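Q: The structure's right below; bear with me while I get my questions together.
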Amino acid sequence: MDDPPSLARLLAGDRRAVAQAISTIENDAPGAVDLERELAARLGRSRVIGITGPPGAGKSTLVNALIGEIVGRGLRVGVVAVDPSSPLTGGAVLGDRARMSDHGAHERVFIRSLSTRGHVGGLARRTDRIVDVLDATGFDVVIVETVGAGQSEVAIADIADACIVVCAPGLGDALQAIKAGILEIADILVVSKADLPGADAASRDLADMLRLRREARSVPVIKTIATRGEGIATLADAALARADERGRGQRLHRRRDGNAHADRVLRLATRDPFVRTLGIDCIDGGEGRATTRLRVAAHHVNFNGGCHGGVIFALADAAFGLASNSHGALASGIEAHIGFHVGVKEGDALTARATEISRGNKLATYRVDVTRDDGTLVASFGGTVYVAARANEPAPPPASAASGAR
Amino acid sequence: MNIVPKVLVTKIGLDGHDRGSRVVAAHLRDAGMEVIYTPPWQAIDAVVKLAVEEDVDVIGISSLATDHRIVPKLMRALKEAGLDGVAVIVGGIVPDADEAMLIEAGVARVFHPGSSLDDIADCIRSIVPALRRVRSVDWKEEAGA
Amino acid sequence: MNKPLDPVTLLPPAAGERWRSEYAEQIGRDRASENRSGIAIKALYTNDDWDGSRYDADLGYPGQEPYTRGIYATMHRGRTWTQRQLIGLGTPAEYNARLLSLIEHGATAISLIPCNSVFRGYDMDEVDAELLGTCGVVVNTADHMDTCLDGVDIARMSCAMNDPSPFTLLAFLLAVAKRRGVPFASITGTSNQSDYLSHYVANHMFFRIALPGARRILADHIDFCTRNVPRWNPMSVVGQHMQQAGATPAQAMAFTLATALQNADDCVARGMDPKTFLSRFTFFFDISVSFFEEVAKFRAARRLWPRLLRERYGVDDSKSLRFKFHAQTSGVDLTRQQPLNNIARVTVQAMAGIFGGLQSLHTDAYDEVLSCPTEFGARIAVSTQNILREEAHLTDVIDPLGGSYYVETLTGQMEEEILRNLAIVQDAGGMYAAVESGLVQRLIGESARRFQAKVESGEETIVGVNAYRVDETADDRPPVQGVDDDAVRTHLAAFAAWKASRSQAAVATALAALARAANAPRANVFEHVVAAAEAGCTHGEICATLRRELGFGHVQAMV
């Protein structure tokens, strides 16, 4: 076997290292935080183009053509293709890249497929950080493709510098898109398969819709025939120009503003002496969620030689407390319970992931899954908090210039 | 670490019959796995590039018409690309004499016609944890680097 | 008081009641059964289900509308079905040896199946050598075709070529005919696999050129053959692939009929007269082991086809309305476990085809599922047909299952189910549109998954696989047909030498003319393929030229 991937190889652009870096982030693997820290200083050079639209609009075929066009200009292109997971089984068939085979084999192209894994918004949970990997390792353009048919599938707008919404003629896509509100995120509208009847009508419908909106910015409507390469150069020009106009790396500024929850969780974790005493680390946080880690040491062990149940409980409870306090209101636990599924021993590395199940005015409930690094579910924790009317932190000082990366 | 197996289901060589590979891909999805599915006639280089970029755990080759004869070529290409940590399973029509040859070339398992879809899924689930452990990465900057 | 007798049956009405109650009592828990097309099957069929009162409308006589009982007055009594066994392996010399041997054992027509490399449009020097000749014969030039047919009287023997657009194998055959002084008018046979739509959907093996290009070349091909090779059937509409890909028998038939209508529409759009080409349309179907269902499927189609043609094109001459078909026993039903059982399966499938009224039959060898068939297996396959005809005398009576309460009821039900599926396709804009959008592929995939689920649950039994299993080792399996790697290497070397020695100028000229024709909408591309074959162009060169000009075929990846 080759040398294992390393940071050095990653920054040199080694394909396997890039792929493994994406996996580390996608799976919240140990090292994800270190990795993100290393990459932070190298972000902001890529132009990120989002492509979305209803199923069947021909997005993947369009992306294929765009890849060809952009590679033809001597640039490196990274593609992230997101497909929805099955709500029943959690599995997914990731078939987008199969339609990009014309150019997918090119040396300057990197394609990664992601499953949404149940996450809402149309993207996988860590898509923005995965785009970061491609940004930091020197891809000039990153294309993110996802399915977007309704108002809830607009997360793409947050992570892209320019957002393309694709409609196919004759299927009523244009009208549906108008109704569903997805047009609002579009910087560019595309009518794909423009050789089909109804292309002109769809184009007109979209143009009319745009005129009714009161926004100042102009949104071009571009017709494409991807299989013949028609309209592709125009589309590429428009997308790259729009991304440049916004400013590369704009997405990072937007993200900074939205990081309040994550920052709060990490801050609260540093203020918790008990958690520090036990050796529990908080490795991630966000709105209504938190992740903690612990490696079972000799002093965590009970009289039977296994990990003390109280330690596992504390790990889960720590995540629970942080997740429930992530919103800023003081949350106190009023009930918690745990079930232990398998034995844990010294040396095992445990991760507790807390997610919010429900949140009302006064009460909120959380679930915490504790897993071992081999993927086994070790314990299941549930808890309820009472939400007070006051904050759990003193008010921050007035905002000054953004400090450092994140 | 998330242990959802990521499986590539593909066909190399010249045959285009893909009923079997489609049925397997759908079943693995229904079993909760992430499946990259490609149409037939994939070039070996393309399969290797895909396996690298997607960081797959397992490659499932469907072979019905003697295309298995070039699987050893695939195994060599995977090794060269540093992917011998990826398990390869072959399903389809493989004469007995050739099965031994494939195992020797590094194929993890050969599934013959009539194999149950659950067996295939179970096999993949049992292989994956072992592979993941082998492939964890430390991203810290090396001391002195 | 006495119950009145039923005037039609003259049976006391109580008999049926009595059977029903005895049956219910004795059966305990009855199993609900439905056939592969989803039609519910009962325990007993009587004249309550089909009473024969519509004999003329529903059955008629062989050779006349509604054709249910057969397309010819004499059917297999007059002319037995063609025993057209698929042969293809290794090099042209090996093919020729196998062909001559099978002809000796009773095969009455030729069907040539080329190597997968040929299907994909490549010459032998463009692919991995390990993959050459494993499942079909490597034919890349007219010379190769000549060797394949050495010692065969092509003026008398019907030659089916399994070759899709651009039909180079037929072009090679015509070049050979010219060399041997055989007029094109004497050449008989079929362009099997000329159906680009079913290939795109379900057996992409045969799909080389992008859909629009394939569509155009097919029309050119039909046009050329209608004018120059009048006894050749240029259009074989294929249902086999879709059924093998998982379509139910009724679906496969429906989609096939839809394809035929699409192709006919395309010809009419070019200005061709339906009367000139419809009589040269033939069909190619799969025969599964679901015996009665297959018989009913074929009878229903034979009855449906003339109605569809009359409705759509206004034709009513018997030549156009006859539903001619070749059928092949389904390899998908065969098992690797206890392979000799496959002989029984093939027998049942063949019988269903014969009772279904086919014109031409290929029976699979029992070892087909393990590799390319051995000579031993191929012989048994032909013998099976001989036994059915000459020992079991299956051809002594025309349409012997006609009039069976079950078979007539089922024929009617299959007809409905076929029409229902046909409507789905027509509503989607016709077969071309339905295939382009992926609708047909999705429907077939669903049927495939449903069937697999039934096999996994045990609801559908497969002997030796999910029931009646035995432990088998490699010793229990028959020896497989290997590839003679030495012969392939020699073939490759000879090919290289031949390429170097032919007239490059003639080749270049012919390919340039072909390319120009591809870009000229009114030119006949196939005519130029024939010319190119004669000029010494190889199969790969012809395909590469057309792919370049008309687009490479991409199959949709769908699960």
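These protein sequences, in sequence, are chains A, B and C. Letter by letter, the first sequence follows residues 1 to 406 in my numbering. Letter by letter, the second sequence follows residues 407 to 551 in my numbering. Letter by letter, the third sequence follows residues 552 to 1110 in my numbering. Where a beta carbon is used, it is the ideal one built from N, C-alpha and C, also for glycine. A quick note: this is a predicted structure, and the numbers were derived from the prediction, not measured.
What residues from chain B crowd round alanine 1025(C), counting only those whose CB sits closer than 7 angstroms?
A: Near alanine 1025(C) (Cβ distances below 7 angstroms), the residues of chain B are Asp502.
Q: Would a check of beta-carbon distances place serine 400(A) closer than 8 angstroms to chain B?
A: Confidence at serine 400(A) is low in this model, with a pLDDT of 47, below 50, so the placement of that residue should be treated as unreliable; the coordinate-derived value is given next. Output row for serine 400(A): interface = no.
Q: Return the residue from the list Gln1055(C), Ile622(C) and Leu725(C) that minimises the CA-CA distance to arginine 736(C).
A: This sequence places alanine at residue 736(C); arginine is not what is there. Among Gln1055(C), Ile622(C) and Leu725(C), the Cα nearest to that of alanine 736(C) belongs to Leu725(C).
Q: Here's a check: name, in chain order, each residue in its chain whose Cβ is nearer than 6 angstroms to the Cβ of leucine 1065(C), leaving out the five neighbours to either side.
A: So the list reads His1079, Ala1083 and Thr1096, once near-sequence residues are dropped.
Q: For alanine 551(B), would you say it is in contact with chain A, using Cβ-to-Cβ distances shorter than 8 angstroms as the test?
A: Low confidence applies to alanine 551(B): its pLDDT is 37, below 50, so where it sits in the model is not reliable enough to give any reading.
Q: Can you tell me where the beta strand (DSSP E) with aspartate 83(A) in it begins and where it stops?
A: From DSSP, the beta strand (DSSP E) with aspartate 83(A) extends over 77-83.
Q: Check for me: the beta strand (DSSP E) holding serine 469(B) runs from which residue to which?
A: It spans 464-469 - the beta strand (DSSP E) in which serine 469(B) sits, taken as one unbroken run.
Q: So what does DSSP say about serine 737(C), is it helix, strand or coil?
A: Helix, per DSSP.
Q: From the DSSP output, in three-state form, read off lysine 455(B) for me.
A: The answer is helix: DSSP assigns lysine 455(B) an H, G or I state.
Q: With burial defined as no fewer than 16 other Cβ atoms inside 10 Å of the residue's Cβ, what is the status of tyrosine 917(C): buried or exposed?
A: Tyrosine 917(C) comes out buried.
Q: Using C-beta distances below 7 angstroms, list every residue in its chain close to glutamate 505(B), excluding the 5 sequence neighbours before and after it, in chain order.
A: Around glutamate 505(B): Val516.
Q: To the nearest angstrom, report how far apart alanine 236(A) and glutamine 795(C) are at their CA atoms.
A: About 43 angstroms.
Q: Below 6 angstroms CB to CB, which residues in the same chain sit around arginine 406(A) once its five sequence neighbours on both sides are set aside?
A: Reliability of the predicted coordinates at arginine 406(A) is poor, the pLDDT of 34 falling under 50, and the value obtained from them is presented with this limitation in mind. Contacts found: none.
Q: Counting only Cβ-Cβ distances shorter than 7 angstroms, please list the residues of the region 33-49 of chain A near chain B, keeping chain order.
A: Here the close residues are Asp34, Leu35 and Glu38.
Q: Among Val221(A), Phe303(A), Ile334(A) and Gly347(A), whose alpha-carbon lies nearest the alpha-carbon of lysine 362(A)?
A: Comparing Cα-Cα distances from lysine 362(A) to each of Val221(A), Phe303(A), Ile334(A) and Gly347(A), the minimum goes to Ile334(A).
Q: Looking only at its own chain, which residues have a Cβ that is under 6 angstroms from the Cβ of glycine 687(C), when we skip the five neighbours before and after it?
A: Closer than 6 angstroms at Cβ, skipping near neighbours: Gly639, Ile664, Pro665 and Cys666.
Q: Should alanine 432(B) be flagged as near chain C, meaning a C-beta pair shorter than 8 angstroms?
A: Yes, contact with chain C.
Q: Measure how close the beta-carbons of valine 416(A) and alanine 186(A) come, nearest whole angstrom, since I'm counting them as under 8 angstroms.
A: Residue 416(A) lies beyond the stretch modelled for chain A, which goes from 1 to 406, so this question has no answer here.
Q: Do glycine 419(B) and isoleucine 476(B) have their C-beta atoms within less than 8 angstroms of each other?
A: Cβ distance < 8 angstroms, so glycine 419(B) and isoleucine 476(B) count as in contact.
Q: Which runs of the alpha helix (DSSP H) at least 4 residues long sit entirely within the region 1016-1100 of chain C? Give them in chain order.
A: Runs of the alpha helix (DSSP H) inside the region 1016-1100 of chain C: 1036-1052, 1055-1070 and 1076-1085.
Q: Listing by chain order, which chain C residues have their CB less than 8 angstroms from the CB of valine 496(B)?
A: Per Cβ cutoff of 8 angstroms: no residues; valine 496(B) is ~14 angstroms from chain C at best.
Q: If you reduce the DSSP assignment to three classes, tell me which class serine 869(C) lands in.
A: Looking at serine 869(C) - three-state DSSP - the assignment turns out to be helix.
Q: Output needed in chain order: residues of the region 449-481 of chain B with a Cβ under 8 angstroms from some Cβ in chain C.
A: Per Cβ criterion, the list reads Ala471, Thr472, Asp473, Arg475, Ile476 and Lys479.
Q: Quick one: give me the first and last residue of the beta strand (DSSP E) that threonine 292(A) is part of.
A: From DSSP, the beta strand (DSSP E) with threonine 292(A) extends over 289-295.
Q: Using CA atoms only, rank isn't needed, just tell me which of Ile938(C), Leu961(C), Phe670(C) and Asp694(C) is closest to glutamate 585(C).
A: For glutamate 585(C), the nearest C-alpha among the options comes from Leu961(C).
Q: Mark phenylalanine 303(A) as exposed unless 16 or more other C-beta atoms lie within 10 angstroms of its C-beta, in which case mark it buried.
A: Exposed, because fewer than 16 other Cβ atoms sit within 10 Å of the Cβ of phenylalanine 303(A).
Q: Tell me which same chain residues have a C-beta within less than 8 angstroms of the C-beta of isoleucine 130(A), skipping the five on either side of it?
A: Ile22, Ile25, Glu26, Val80, Arg112, Leu114 and Ala124, listed in sequence order.
Q: Using C-beta distances below 8 angstroms, list every residue in its chain close to leucine 595(C), excluding the 5 sequence neighbours before and after it, in chain order.
A: Counting only Cβ-Cβ distances below 8 angstroms, and skipping sequence neighbours, we find Trp570 and Tyr574.
Q: Have a look at alanine 32(A) and leucine 7(A) and give me their C-alpha separation to the nearest angstrom.
A: Roughly 12 angstroms between the two C-alpha positions.
Q: To which residues does DSSP link tryptophan 783(C) through a beta bridge?
A: Answer is Gly740(C), bridged to tryptophan 783(C).
Q: Hey, serine 60(A) and methionine 100(A): beta-carbon distance below 8 angstroms or not?
A: Yes. Within cutoff.
Q: Which first and last residues belong to the beta strand (DSSP E) in which phenylalanine 836(C) is found?
A: First-last of the beta strand (DSSP E) with phenylalanine 836(C): 832-838.
Q: Using the Cα positions of glutamate 460(B) and methionine 786(C), report the straight-line distance between them to the nearest angstrom.
A: Glutamate 460(B) and methionine 786(C): Cα-Cα distance of roughly 44 angstroms.
Q: Among the residues of its own chain, which have a CB less than 6 angstroms from the CB of leucine 456(B), if the five just before and after it don't count?
A: Closer than 6 angstroms at Cβ, skipping near neighbours: no residue.
Q: Would you tell me roughly how many angstroms separate the C-alpha atoms of glutamate 38(A) and alanine 354(A), rounded to the nearest one?
A: Whole-angstrom Cα-Cα distance: 26 angstroms.
Q: May I ask you to list, following chain order, the residues of the region 356-377 of chain A that have a beta carbon less than 7 angstroms from some beta carbon of chain B?
A: Flagged, chain order: Asp373, Asp374 and Gly375.
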